[in-house]
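Novice:
Protein chains: 2
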Amino acid sequence: MNATANKTAQVISSEELLKHLQGHRNLTRRTIEAFPEKEFFSHSIGGMRTFAEMTMELLGIAGPGIQEIVSGKSAPLDEHVEHGNSKEKILQLWDEATEQINTLWPQISTERFQENILLFGMYEGTVISSIFYFIDNEIHHRGQGFVYLRSLGVEPPAFYER
Amino acid sequence: MNATANKTAQVISSEELLKHLQGHRNLTRRTIEAFPEKEFFSHSIGGMRTFAEMTMELLGIAGPGIQEIVSGKSAPLDEHVEHGNSKEKILQLWDEATEQINTLWPQISTERFQENILLFGMYEGTVISSIFYFIDNEIHHRGQGFVYLRSLGVEPPAFYER
């Protein structure tokens, strides 16, 4: 095997991982859109958070997390941005995070994914384990949002469409 | 950068991806364990499937999917194994799949992750996109299982523990 082959044989490339992350974020965006405005901010099951509160957590993680990975500047996790109970405002914040992530991502070199970091000043891991946490946590809560939607009689978006 | 550096700079290595997959499968196992026996097979919200039915889907995907990736032999997706409404039997099937995946995984070379496949004779993708689908689909349904548990007044396992 030569150097070129070594270079191209990636389990997953950085570009594919970005596409994977943004595909999931796109599906979450459509899940937010599927909620009736009132229930997005009020509906819950078994004492859990509303889907709006879960969404604010997701917004506090992905954009700021990638920013911290790129800049090296740590800031505490912040899940509270003023949204005035407006889904439109939250979707706008979502789209801004999408752009922010697309802009920052190419600044993460392949070598950096295995680097140790302390995200938000408290979560130990590597860059790749942190990014997987962002994705997995989003899938986890969105799955919960799907149950909320079903319990409201609303059809969720198709899971396999990104 | 020399050839060695090229070879070692992986966004995620195959070994790490296996650990990631099995960490998620371990958390799902603890989620199954957390369910009261009766409700595992009967409880549902909003007309959705029981967590037992979702679990049988997961069992139909991960082990058989990795087997197909390794062997190249396609078989239709099968979500129906006789379990006699016994959680113990399903946990036994789960552990067998864990062993099967651990045994088969090292036979997937790094180069193969980007290979195109038609999984279960019907799902187009690459080896890596298929494996991510296994993981993401499991996280998605387990998140739903967490809502079922909360609605039953049962504390789910910690999401961050694998």
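Residue numbers (numbering that gives the first Met the number 0), protein chains in the order written: chain A, 0 to 161; chain B, 0 to 161. Ideal Cβ placement from N, Cα and C applies to all residues, glycine included.
Rounded to whole angstroms, what is the Cα-Cα separation between residue 31(A) and residue 142(A)?
Specialist: Locating residue 31(A) in the first sequence gives position 32, where the first residue counts as 1. Locating residue 142(A) in the first sequence gives position 143, where the first residue counts as 1. Each residue's alpha carbon lies about 12 Å from the other.
Novice: Taking 8 Å as the CB-CB cut-off, is residue 59(A) touching chain B?
Specialist: Within the first sequence, numbered from 1, the residue matching residue 59(A) stands at position 60. With 8 Å as the cut-off, residue 59(A) does not count as an interface residue toward chain B.
Novice: Name, in chain order, the residues that DSSP records as bridge partners for residue 125(A).
Specialist: Taking the first residue of the first sequence as position 1, residue 125(A) is located at position 126. Residue 125(A) pairs with 115(A).
Novice: Can you tell me whether residue 47(B) is helix, strand or coil according to DSSP?
Specialist: Taking the second sequence and counting its residues from 1, the one referred to as residue 47(B) is at position 48. The answer is coil: DSSP assigns residue 47(B) none of H, G, I, E or B.
Novice: For residue 79(A), count neighbouring C-beta atoms within 10 Å of its own C-beta (all shown protein chains included) and say buried if the count is 16 or more, exposed if not.
Specialist: As a first step, residue 79(A) is located in the first sequence; it is residue number 80 there, counting from the start. The residue in question, residue 79(A), is exposed, as its Cβ has fewer than 16 Cβ neighbours within 10 Å.
Novice: Would you say residue 8(A) lies against chain B (beta-carbon separation less than 8 Å)?
Specialist: One-based indexing of the first sequence puts residue 8(A) at position 9. So, interface residue.
Novice: Measuring CB to CB, does residue 103(B) end up less than 8 Å from residue 146(B)?
Specialist: Translated into positions along the second sequence, residue 103(B) becomes position 104. Translated into positions along the second sequence, residue 146(B) becomes position 147. Contact flag unset, no.
Novice: On a CA-only basis, which of 155(B), 131(B), 152(B), 156(B) is nearest residue 10(A)? Give me that one, please.
Specialist: Numbered from its first residue, the first sequence carries residue 10(A) at position 11. Selected option, being the one with the closest Cα: 131(B).
Novice: Do you know offhand how far residue 12(B)'s Cα is from residue 48(A)'s?
Specialist: Along the second sequence, one-based indexing puts residue 12(B) at 13. Along the first sequence, one-based indexing puts residue 48(A) at 49. For residue 12(B) and residue 48(A), the distance between alpha carbons rounds to 35 Å.
Novice: Considering only C-alpha positions, which residue in the set 8(B), 137(B), 25(B) is nearest to residue 98(B)?
Specialist: Mapped onto the second sequence, residue 98(B) falls at position 99. Closest option to residue 98(B), Cα to Cα, is 25(B).
Novice: Starting from residue 104(B), follow the alpha helix (DSSP H) in both directions and report where the run begins and ends.
Specialist: Stepping through the second sequence from its first residue, residue 104(B) is reached at position 105. No alpha helix (DSSP H) holds residue 104(B); DSSP gives it neither H nor E.
Novice: Tell me the rounded alpha-carbon separation between residue 51(A) and residue 76(A).
Specialist: Taking the first residue of the first sequence as 1, we reach residue 51(A) at position 52. Taking the first residue of the first sequence as 1, we reach residue 76(A) at position 77. The alpha-carbon atoms of residue 51(A) and residue 76(A) are separated by roughly 17 Å.
Novice: Against residue 13(B), what residues of chain A qualify as contacts under a CB-to-CB distance less than 8 Å, listed in chain order?
Specialist: As a position in the second sequence, residue 13(B) is number 14, starting the count at 1. Residues of chain A passing the Cβ test: 10.
Novice: Look at residue 8(B) and residue 109(A) and say whether their C-beta atoms are less than 8 Å apart.
Specialist: Your numbering for residue 8(B) matches position 9 in the second sequence. Your numbering for residue 109(A) matches position 110 in the first sequence. The answer is yes: Cβ separation under 8 Å.
Novice: Considering only the alpha carbon of each residue, which of 42(B), 21(B), 41(B), 61(B) lies closest to residue 133(B)?
Specialist: For the purposes of this step, residue 133(B) is identified with residue 134 of the second sequence, where counting begins at 1. The shortest Cα separation from residue 133(B) among 42(B), 21(B), 41(B), 61(B) belongs to 61(B).
Novice: Using the C-alpha atoms, what's the distance from residue 111(A) back to residue 150(A)?
Specialist: Position 151 of the first sequence, counting from 1, holds the residue named residue 150(A). Position 112 of the first sequence, counting from 1, holds the residue named residue 111(A). Those two C-alpha atoms are separated by around 42 Å.
Novice: Just the Cα atoms here: how many angstroms apart are residue 140(A) and residue 135(B)?
Specialist: Your numbering for residue 140(A) matches position 141 in the first sequence. Your numbering for residue 135(B) matches position 136 in the second sequence. Cα to Cα, the separation comes out at about 12 Å.
Novice: Given this structure, state the Cα-to-Cα distance separating residue 144(A) from residue 153(A), to the nearest angstrom.
Specialist: Counting from one through the first sequence, the residue named residue 144(A) turns up at place 145. Counting from one through the first sequence, the residue named residue 153(A) turns up at place 154. So the two alpha carbons sit approximately 11 Å from each other.
Novice: Starting from residue 109(A), find everything on chain B with Cβ-Cβ shorter than 8 Å and list it in chain order.
Specialist: Counting from one through the first sequence, the residue named residue 109(A) turns up at place 110. Those within 8 Å of residue 109(A) in chain B are 8, 9, 10.
Novice: State the start and end residues of the unbroken alpha helix (DSSP H) segment that holds residue 33(B).
Specialist: Translated into the one-based positions of the second sequence, residue 33(B) becomes position 34. Unbroken alpha helix (DSSP H) run through residue 33(B): 13-33.
Novice: Check the Cβ of residue 165(A) against every Cβ in chain B and list those closer than 7 Å, keeping chain order.
Specialist: The question about residue 165(A) has no answer, for chain A in this structure spans 0 to 161.
Novice: At a Cβ threshold of 8 Å, is residue 42(B) touching chain A?
Specialist: Translated into the one-based positions of the second sequence, residue 42(B) becomes position 43. No - not a single Cβ of chain A is within 8 Å of the one on residue 42(B).
Novice: Which term fits residue 67(B), buried or exposed, when burial requires 16 or more other beta carbons within 10 angstroms of its beta carbon?
Specialist: Taking the second sequence and counting its residues from 1, the one referred to as residue 67(B) is at position 68. Per the 10 Å Cβ criterion, buried.
Novice: According to the Cβ coordinates, are residue 58(B) and residue 17(B) closer than 8 Å?
Specialist: Numbered from 1 along the second sequence, position 59 holds the residue referred to as residue 58(B). Numbered from 1 along the second sequence, position 18 holds the residue referred to as residue 17(B). Cβ atoms of residue 58(B) and residue 17(B): not closer than 8 Å.
Novice: When we look at the beta-carbon of residue 0(B) and count the other beta-carbons within 10 Å, is it buried (16 or more) or exposed?
Specialist: Taking the second sequence and counting its residues from 1, the one referred to as residue 0(B) is at position 1. For residue 0(B), the predicted model reports a pLDDT of 41, less than 50, meaning its position is unreliable; a value from the coordinates is still stated below. Label assigned to residue 0(B): exposed.
Novice: Rounded to a whole number of angstroms, what is the C-alpha to C-alpha distance between residue 121(B) and residue 33(A)?
Specialist: Start at 1 with the first residue of the second sequence, and residue 121(B) comes out as number 122. Start at 1 with the first residue of the first sequence, and residue 33(A) comes out as number 34. When rounded, the distance between both Cα atoms is 29 Å.
Novice: Does residue 149(A) come within less than 8 Å of chain B when only Cβ atoms are used?
Specialist: By 1-based counting over the first sequence, the position of residue 149(A) is 150. Answer yes: the Cβ-Cβ gap between residue 149(A) and chain B drops below 8 Å somewhere.
Novice: Between the alpha carbons of residue 116(A) and residue 101(B), how many angstroms are there, rounded?
Specialist: Numbered from its first residue, the first sequence carries residue 116(A) at position 117. Numbered from its first residue, the second sequence carries residue 101(B) at position 102. Distance between the alpha carbons of residue 116(A) and residue 101(B) is about 29 Å.
Novice: Looking only at its own chain, which residues have a Cβ that is under 7 Å from the Cβ of residue 54(B), when we skip the five neighbours before and after it?
Specialist: Counting from one through the second sequence, the residue named residue 54(B) turns up at place 55. Excluding positions up to five away in sequence, the list reads 31, 89.
Novice: Could you check where the alpha helix (DSSP H) with residue 37(A) kicks off and where it finishes?
Specialist: Residue numbering aside, residue 37(A) sits at position 38 when the first sequence is read from its first letter. Segment 36-41, the alpha helix (DSSP H) holding residue 37(A).
Novice: Are the C-beta atoms of residue 127(A) and some chain B residue less than 8 Å apart?
Specialist: Taking the first sequence and counting its residues from 1, the one referred to as residue 127(A) is at position 128. Output row for residue 127(A): interface = yes.
Novice: Say whether chain B places a C-beta atom closer than 8 Å to the C-beta of residue 50(A).
Specialist: Indexing the first sequence from 1 puts residue 50(A) at position 51. No, residue 50(A) does not count as interfacial toward chain B.
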